[in-house]
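S.K.: Sharing a structure with you now.
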Amino acid sequence: MWRFMGGRFSRSTRCMSSSSRAFGWWEHVSPAPKDPITGVTEAFLADTNPNKINLGVGAYRDDEGKPVVLQCVRNAEAKIAACEFLESNAAAVGSKLVEESVKLAYGTHAHVVKERRVTGLQALSGTGACRLFAELQRRFYPGSPIYLPNPTWSNHHNIWRDAQVPERGFRYYNPITKGLDFAALMDDVKNAPDGSFFLFHPCAHNPTGVDPTEEQWREISYQFKVKNHFPFFDMAYQGVASGDLDMDAQAIRIFLEDGHLIGCAQSFTKNMGLYEHRVGCLSVLCADVKQAVAVKSQLQQIARSMYSNPPVHGILLVSTILNDPQTKALWVKEVKVIMFTLISFLHVPFLFSSFWSREILIFL
1 MWRFMGGRFS RSTRCMSSSS RAFGWWEHVS PAPKDPITGV TEAFLADTNP NKINLGVGAY
61 RDDEGKPVVL QCVRNAEAKI AACEFLESNA AAVGSKLVEE SVKLAYGTHA HVVKERRVTG
121 LQALSGTGAC RLFAELQRRF YPGSPIYLPN PTWSNHHNIW RDAQVPERGF RYYNPITKGL
181 DFAALMDDVK NAPDGSFFLF HPCAHNPTGV DPTEEQWREI SYQFKVKNHF PFFDMAYQGV
241 ASGDLDMDAQ AIRIFLEDGH LIGCAQSFTK NMGLYEHRVG CLSVLCADVK QAVAVKSQLQ
301 QIARSMYSNP PVHGILLVST ILNDPQTKAL WVKEVKVIMF TLISFLHVPF LFSSFWSREI
361 LIFL
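Quick note: the sequence shown uses the UniProt record's numbering, first residue 1, plus one each step.
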């Protein structure tokens, strides 16, 4: 081994042995615990039982376990393929997606949409939308906790933890009655500090499938006004819960009627069968246009450092479906088919209780 010394090269007596071992930078790292959802899928793939059923990742599949491609998606693919120029600007396509996603959640003719008080950003499915909001909360309300229903989707804990947002729980499900523990829920809402952040599933609560009634949502909304809480909705199953897109967004519409400012995460994984495309939207309802512009700029900055720009193909699929009346009408019909297919599982003989029936509805 040669080294430069005072204008000349000299041979070093120190030579690294070819058998010497590099420093183990990651020797102190232990394996992470298995994810409760993806871990189930791994176990499913390893199981040789021919009658096995995958209750892990929530992807819509046929009787043979193969992914179902909706006809509206096939039509959108064909339309995209026939274009002379393929749109590659994710921001331009994403703005169309956000516009249509907001209409789905808030209502086509919602006054807050017309007033341009709703700002949004295309996100990497529902997970990415939640992560963006968690970071927004951490930056502008540091130290404020997020109240999550007990139980909730397991990844909610990971998302807000990694954003360094403290977590609190509120009572939601009663395992004895296998229903909503509404009295306990309301007590926790009332006892939380004023101005707290709460996460709700507006429909098809994961993992229980238990949702508040319309009247209960109205009582929750009223108490949120009293306490000045901020509601954040994670809507992963719009259309799949009841077969009606508007009915499944009922909770959001009730909060809008009562004048709340809200946040909403949307995913097109379940209702369009686009699990691996990671298409979603985060929207935030603000008090005025000025606030909406400021919030969007902050969300764009957060996304820039996380993933910069999202993949464009999934956005093209969803925006094509939502922007074409004929294709959208077909999608609405197919969503109802998905719902009725899932409901049919309620009559499978091995499902002994309504609780497990709801589990099938949520996870398939």
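Backbone N, C-alpha and C define an ideal beta-carbon position, used for all residues, glycine too.
Since the model is a prediction, treat every value here as computed from it, not as a measurement.
Pick from Q164, G94 and G120: whose alpha carbon is nearest that of R139?
M.R.: Q164
S.K.: S338: buried (16+ other C-beta within 10 angstroms of its C-beta) or exposed?
M.R.: It is Ile, not Ser, that sits at residue 338 in the sequence shown. With 16 or more Cβ atoms within 10 Å of its Cβ, I338 is classed as buried.
S.K.: The alpha helix (DSSP H) spanning residue 375 covers which residue range?
M.R.: Because the chain in this structure spans residues 1 to 364, residue 375 falls outside the shown range and cannot be described.
S.K.: Please list, in chain order, all residues of the same chain as N75 whose beta carbon is under 6 Å from its beta carbon, the five residues on each side excluded.
M.R.: Cβ neighbours of N75 beyond the five flanking positions: T327.
S.K.: Just list the alpha helix (DSSP H) runs in the segment 142-219, keeping only unbroken ones of 4 residues or longer that don't cross its boundaries, in chain order.
M.R.: 154-162 and 182-191
S.K.: Here's the rule I'm using: 16 or more other beta-carbon atoms within 10 Å means buried, otherwise exposed. How should G65 be labelled?
M.R.: exposed
S.K.: With H, G and I counted as helix, E and B as strand and the rest as coil, what does DSSP make of D248?
M.R.: helix
S.K.: Tell me, please, whether the segment 286-297 touches the segment 30-39 by the rule of three or more beta-carbon pairs shorter than 8 Å.
M.R.: no
S.K.: List the endpoints of the continuous beta strand (DSSP E) containing G280.
M.R.: V279 to L285
S.K.: Please state whether the Cβ-Cβ distance between V312 and G243 is less than 8 Å.
M.R.: Against a cut-off of 8 Å, the Cβ pair of G243 and V312 comes out as no contact.
S.K.: Would residue 439 and V68 qualify as a contact pair, given that the criterion is a beta-carbon distance under 8 Å?
M.R.: Nothing about residue 439 can be reported from this structure: the residues present for the chain run from 1 to 364 only.
S.K.: Suppose the cutoff is 8 Å on Cβ atoms and the five residues either side in sequence are ignored; what does the same chain contact list for N323 look like?
M.R.: K96 and E100.
S.K.: Taking three-plus beta-carbon pairs below 8 Å as touching, is the segment 196-209 in contact with the segment 225-240?
M.R.: yes
S.K.: When burial is assigned at 16 or more other CB atoms within 10 Å of the CB, is K114 buried or exposed?
M.R.: exposed
S.K.: For E359, does the three-state DSSP call read helix, strand or coil?
M.R.: For E359, the pLDDT reaches just 38, beneath the cut-off of 50, and the residue's location in the model is therefore unreliable, although a value from the coordinates is still provided. Reduced to three states, the DSSP call for E359 is helix.
S.K.: Would you call D47 buried or exposed, if buried means 16 or more other Cβ atoms sit within 10 Å of its Cβ?
M.R.: exposed
S.K.: Pull up the distance between the alpha-carbon of I262 and that of V240, whole angstroms please.
M.R.: 22 Å
S.K.: The alpha helix (DSSP H) with Q122 in it runs from where to where?
M.R.: Not the alpha helix (DSSP H): Q122 falls in the beta strand (DSSP E), residues V118 to L124.
S.K.: Enumerate, from N- to C-terminal direction, the unbroken alpha helix (DSSP H) stretches of 4 or more residues contained entirely within the segment 60-111.
M.R.: Listed in chain order, they are 71-81 and 90-106.
S.K.: Would the beta-carbon of L121 fall within 8 Å of that of L285?
M.R.: no
S.K.: What would DSSP say about S344, mapped onto helix, strand or coil?
M.R.: helix
S.K.: Leaving out the 5 sequence neighbours to the left and right, which residues in its chain are closer than 6 Å to H277 when beta-carbon positions are compared?
M.R.: G314
S.K.: Suppose you measure from the CA of V189 to the CA of F170; what does that come to, to the nearest Å?
M.R.: Approximately 8 Å, taken between the alpha carbons.
S.K.: Taking buried to mean at least 16 other C-beta atoms within 10 Å of its own C-beta, is L104 buried or exposed?
M.R.: buried
S.K.: Please classify F230: does DSSP put it in a helix, a strand, or coil?
M.R.: Residue state for F230 is assigned as strand, using DSSP reduced to three classes.
S.K.: Taking just the CA atoms, how far does H111 sit from E77?
M.R.: 33 Å
S.K.: Looking at C-alpha atoms only, which residue of P151, L148 and H156 is the closest neighbour of G126?
M.R.: H156
S.K.: Using 8 Å as the threshold, is the C-beta distance between P212 and L180 below it?
M.R.: yes
S.K.: Let me confirm a value: L330 is counted as buried when at least 16 other C-beta atoms fall within 10 Å, else exposed. Which label applies?
M.R.: buried
S.K.: Taking only three categories from DSSP, how would you classify G273?
M.R.: coil
S.K.: Measuring CB to CB, does S221 end up less than 8 Å from I254?
M.R.: yes
S.K.: Report the option in D246, N206 and A251 whose CA atom is closest to the CA atom of E215.
M.R.: A251
S.K.: Can you tell me the Cα-Cα spacing of V279 and T177, whole angstroms?
M.R.: Looking at the two C-alpha atoms, the distance is approximately 36 Å.
S.K.: Using only alpha-carbon positions, find the residue among G128, T38 and V40 that is nearest to S308.
M.R.: S308 has its Cα closest to that of G128, out of G128, T38 and V40.
S.K.: On the DSSP bridge assignment, give the partners of A265 in chain order.
M.R.: D234 and L282
S.K.: I need the DSSP call for W26, collapsed to helix, strand or coil.
M.R.: coil
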